[in-house]
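Colleague: Sharing a structure with you now.
Encoded structure:
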């Protein structure tokens with residue numbers, strides 16, 4: 009079960025299933041490495057108009 013600790017799992021998991029899970033975990037890790045910068049760039053893109061409006065307001069007020 010996902011979220012289980014090693015003690016919760018059977019003592020002798022199916023070796024084929026174990027290999028598949030290790031492989032899929034590695035693939036997910038690689039995708040996370042590739043997607044994290046994209047997520048951060050999208051966040052900056054979304055935030056940019058708000059930041060520009062704030063700077064503009066500060067310039068007019070200051």
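In the numbering used here, the protein residues as written are 9 to 70. No residue lacks a Cβ here, since even glycine has one placed at the ideal position from N, Cα and C.
Suppose you measure from the CA of residue 47 to the CA of residue 26; what does that come to, to the nearest Å?
Modeller: Near 30 Å, if we compare the C-alpha coordinates of residue 26 and residue 47.
Colleague: Considering residue 57, what are the terminal residues of the alpha helix (DSSP H) in which it resides?
Modeller: Start and end: 23 to 69.
Colleague: Using the Cα positions of residue 33 and residue 66, report the straight-line distance between them to the nearest angstrom.
Modeller: Roughly 47 Å separates the two Cα atoms.
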